[in-house]
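Here's the structure we're looking at; comments come further down.
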Amino acid sequence: MSVSAKSTVIGQDAIIEKGWLKTHQWLLLRRVSQLSILGLFLLGPLASIWWIKGNLSASLLFGTIPMADPFLLLQTFFSGHQPDLTAILGALIIFTFYFLVGGRVFCSWVCPVNIVTDSAGWLRRRLGLRKSTQLARSLRYWILAMCFITPLFTGYVVWELINPVSMLHRGLIFGMGMGWSLIIAIFLFDLFISRRGWCGHVCPMGAFYSLVGKYSPLKVSASDRSKCNDCMDCYAVCPEPQVIRPALKGEASGVGPVIIASDCTNCGRCIDICAKDVFHYSSRFANKAEK
Amino acid sequence: MANKKANSKQQPVSRRQFLTDSGHAACSVGLLGLGLGMYGEQSKTHAALALRPPGALIEDDFLGACVRCGLCVEDCPYDTLKLARLFEPVTTGTPYFDARKVPCEMCDDIPCVKACPTGALDPKLTNIDDAKMGVAVLIDRETCLNIQGLRCDVCYRVCPLIEEAITLNLTQNTRTGVHAIFEPVVHSDICTGCGKCEHACVLEEAAIKVMPRELAKGELGKHYRWGWEEKEKAGRELVPNIIDLPNRMPATEAESLNIAPVGGNK
Ligand code: SF4
Ligand code: SF4
Ligand code: SF4
Ligand code: SF4
Numbered sequence: 082m083s084v085s086a087k088s089t090v091i092g093q094d095a096i097i098e099k100g101w102l103k104t105h106q107w108l109l110l111r112r113v114s115q116l117s118i119l120g121l122f123l124l125g126p127l128a129s130i131w132w133i134k135g136n137l138s139a140s141l142l143f144g145t146i147p148m149a150d151p152f153l154l155l156q157t158f159f160s161g162h163q164p165d166l167t168a169i170l171g172a173l174i175i176f177t178f179y180f181l182v183g184g185r186v187f188c189s190w191v192c193p194v195n196i197v198t199d200s201a202g203w204l205r206r207r208l209g210l211r212k213s214t215q216l217a218r219s220l221r222y223w224i225l226a227m228c229f230i231t232p233l234f235t236g237y238v239v240w241e242l243i244n245p246v247s248m249l250h251r252g253l254i255f256g257m258g259m260g261w262s263l264i265i266a267i268f269l270f271d272l273f274i275s276r277r278g279w280c281g282h283v284c285p286m287g288a289f290y291s292l293v294g295k296y297s298p299l300k301v302s303a304s305d306r307s308k309c310n311d312c313m314d315c316y317a318v319c320p321e322p323q324v325i326r327p328a329l330k331g332e333a334s335g336v337g338p339v340i341i342a343s344d345c346t347n348c349g350r351c352i353d354i355c356a357k358d359v360f361h362y363s364s365r366f367a368n369k370a371e372k
Numbered sequence: 102m103a104n105k106k107a108n109s110k111q112q113p114v115s116r117r118q119f120l121t122d123s124g125h126a127a128c129s130v131g132l133l134g135l136g137l138g139m140y141g142e143q144s145k146t147h148a149a150l151a152l153r154p155p156g157a158l159i160e161d162d163f164l165g166a167c168v169r170c171g172l173c174v175e176d177c178p179y180d181t182l183k184l185a186r187l188f189e190p191v192t193t194g195t196p197y198f199d200a201r202k203v204p205c206e207m208c209d210d211i212p213c214v215k216a217c218p219t220g221a222l223d224p225k226l227t228n229i230d231d232a233k234m235g236v237a238v239l240i241d242r243e244t245c246l247n248i249q250g251l252r253c254d255v256c257y258r259v260c261p262l263i264e265e266a267i268t269l270n271l272t273q274n275t276r277t278g279v280h281a282i283f284e285p286v287v288h289s290d291i292c293t294g295c296g297k298c299e300h301a302c303v304l305e306e307a308a309i310k311v312m313p314r315e316l317a318k319g320e321l322g323k324h325y326r327w328g329w330e331e332k333e334k335a336g337r338e339l340v341p342n343i344i345d346l347p348n349r350m351p352a353t354e355a356e357s358l359n360i361a362p363v364g365g366n367k
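Below you can see the structure in the form of structure tokens.
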């Protein structure tokens, strides 16, 4: 990545302009969201307050509302099992939610692995590690295809054997065991081998939710892109930096300011880090309105 | 502008580059899939002592149906069920129990089955006595106290289906010649595999163990029929006018050799 010479002080401008808190507000909110969702699941086993039972794969809220991961349920479907109505209903609820707010909101606001890979990304910047093995962006979609094809032949949900997302969440509630080894491996992979390697290139769950949010209305927009001073900080902090350019630099070619690419995780880090307040949460229809 | 340059460097990915990249990705993913499939096949042969919750579909179907949510685990009032962790000898994330540690208490309302959202635990199971979690097998006759002629009876007494799933078979103790042996016998058509017997066995290592049904059960050849059952169904001899030769009884044999048969002469 072409990061400007002052890469060691990413966000310095913003902190000077807006203060530390404003430069980290969405980041903090996301951490609060991720941790409190985990906390809710832990309330049961730890404090016997059963507001929510289960884990991210399937759960029951207040003893009535079922939720299920549509990605996983599709895999069980391909393995030849016709899931019960409860699970199907649960998957529809989750699907609808992410369809509306953006599929990869799961990644940035819920997924526990995101904290791990974000930390690896942060440490990588801090240590100034530039070397990175380039993986094809299409890799995760191939893996996604594999997740759906292998059950057809084996009759079981193959990806769940190693899916670190469900393993971490399940492990934190039901006991990790050797599961930690996998999480540490992902951290080291992101830190030393490939920049944003796991979430940006490998994880099929991220790929799936990317597709779920393909047409979601909630988007980040570079609505004040004329104020951009090319500090490049947003590219440095964005987990999917390739999504920014078309929106931020598209004025000349008539491309709207909304970040349309569904790989954008709606994490809001670019909003935080920009000293010029170029980015805002917006809607996909804002592009049309502008024309 | 510096930006412009970076721009032109990034955007036009040549078709060839794109194809090679995708080719690499596709091949590595293919290998990954193969590896995972093999790992999966291996982990399917799970530990002989790991039992599935009541109502679990047969293992092959269960592995495709269960989403590893742990709702069954959390609703089990006796903390019987656990979710398998990575590298444990049960498929990662799936629920199981170890009867020697905590057996299934066979709840009347079967909360674990009710909790399962996917049907991996079959909701058609409404009477817990019909559950088929495994089969108890009296594996070690040499250490079982009852079979050695003592009156332990613990496995028999704790069985929720006492006198149906497990009975005591009375035989003569040939070691002492004067005592009886009350041998615990499990009836696999009724045993639910709850594991209370294994849990209660007083030995250091249980002589009676509950195993998954796939492991413990025999199976008739597909073409096998029990003659007497078929006869009953048909309501008549299956082979009419069969020539009935005289039966040679052991007694006759003994007589011909001129030794006294067991139980004395009639
Ligand atoms: S890409 Fe995968 S691991 Fe990363 S945040 Fe999204 S779901 Fe989680
Ligand atoms: S574009 Fe902004 S909101 Fe989208 S992933 Fe990148 S930093 Fe997050
Ligand atoms: S029947 Fe009761 S004790 Fe047995 S596994 Fe289910 S909930 Fe637990
Ligand atoms: S409740 Fe059903 S789907 Fe969930 S872990 Fe138990 S058996 Fe599997």
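Those protein sequence lines, which keep their order, are chains B and P. Per my numbering, the very first residue in the first sequence carries number 82; after that it's consecutive. Per my numbering, the very first residue in the second sequence carries number 102; after that it's consecutive. Each residue gets a CB set at the ideal place from its N, CA and C atoms; glycine is no exception. Just so you know, these numbers come straight off a predicted model, no measurement behind them.
Can you give me the Cβ contacts of residue i inside the same chain, cut-off strictly under 6 Å, excluding the 5 residues immediately before and after it?
| i | result |
| --- | --- |
| P:K105 | Low confidence applies to P:K105: its pLDDT is 40, below 50, so where it sits in the model is not reliable, and the reading given next is rough at best. Same-chain partners within the cutoff: there are none. |
| P:V255 | A301 and V303 |
| B:R251 | N136 |
| B:I91 | D314 and A317 |
When the Cα of residue i is compared with those of the options, which residue comes out closest?
| i | options | result |
| --- | --- | --- |
| P:R314 | P:H125, P:D122, P:L120 and P:G156 | P:G156 |
| B:I230 | P:R116, P:H125, P:G134 and P:L321 | P:G134 |
| P:D199 | P:C208, P:E206, P:K183 and P:T192 | P:K183 |
| P:G138 | B:W240, B:P327, B:V324 and B:S297 | B:W240 |
| P:Y140 | B:G349, B:F268 and B:I243 | B:I243 |
| B:F234 | B:F158, B:G183, B:R326 and B:R205 | B:F158 |
| B:D165 | B:S363, B:T346 and B:A149 | B:A149 |
| B:C192 | B:D353, B:K357 and B:L116 | B:L116 |
| P:C380 | P:A151, P:G336, P:Q273 and P:E264 | Since the first and last residues shown for chain P are 102 and 367, residue 380 of chain P lies out of range. |
| B:L225 | B:L181, B:A266 and B:C280 | B:C280 |
| B:E321 | B:A217, B:S129, B:I265 and B:F180 | B:A217 |
| P:A232 | P:R116, P:I344 and P:D290 | P:D290 |
| B:Q215 | B:S138, B:G202, B:T167 and B:S275 | B:S275 |
| B:K295 | B:D271, B:R112 and B:F176 | B:F176 |
| B:L170 | P:V191, P:F163 and P:P218 | P:P218 |
| P:L164 | B:G161, B:L220 and B:G100 | B:G161 |
Taking only heavy atoms of ligand 3 into account, decide whether any of them is closer than 7 Å to the Cβ of residue i.
| i | result |
| --- | --- |
| P:L182 | yes |
| P:C292 | no |
| P:C167 | no |
| P:P261 | no |
| P:I229 | yes |
| B:E321 | no |
| P:C298 | no |
| P:E330 | no |
| P:P212 | yes |
| P:P313 | no |
Less than 7 Å separating the Cβ of residue i from some heavy atom of ligand 4?
| i | result |
| --- | --- |
| B:R277 | no |
| P:L222 | yes |
| B:A303 | no |
| B:W221 | Just to set this straight, residue 221 of chain B is Arg in the shown sequence, not Trp. Flag unset: Cβ of B:R221 not near ligand 4. |
| P:A216 | yes |
| P:T219 | yes |
| P:G136 | no |
| B:G331 | no |
| P:C173 | yes |
| P:C177 | no |
| B:P126 | no |
In chain order, what residues of the same chain lie with their CB nearer than 8 Å to the CB of residue i, ignoring the 5 residues before and after it?
| i | result |
| --- | --- |
| B:E332 | R306, S307 and P338 |
| P:V259 | K297, C298, H300 and A301 |
| P:D180 | V203 |
| P:V286 | L239, I267, T268, L269 and N270 |
| B:L123 | L253 and I254 |
| P:H288 | E265, A266, I267 and T268 |
| B:D94 | C312, D314 and A356 |
Please go through the same chain and pick out, in chain order, the residues whose beta-carbon is closer than 7 Å to the beta-carbon of residue i, but skip the five residues on each side of it.
| i | result |
| --- | --- |
| P:Q118 | none |
| P:M102 | Here the model assigns P:M102 a pLDDT of 36, short of 50, so the residue's position is not dependable and the matter cannot be decided. |
| B:R211 | none |
| B:C188 | N195, C280, G287, Y290 and T346 |
According to DSSP, what are the bridge partners of residue i?
| i | result |
| --- | --- |
| B:I133 | B:L142 |
| P:Q273 | P:A281 |
| P:F198 | P:L152 |
| P:L187 | B:G258 |
| B:P147 | B:L141 |
| B:S302 | B:V339 and B:H361 |
| P:M312 | P:V236 |
| P:I263 | P:I267 |
**Request:** Evaluate the contact criterion for the region 175 to 189 of chain P versus the region 200 to 218 of chain P: three or more CB pairs, one atom per stretch, below 8 Å.
**Result:** These segments touch.
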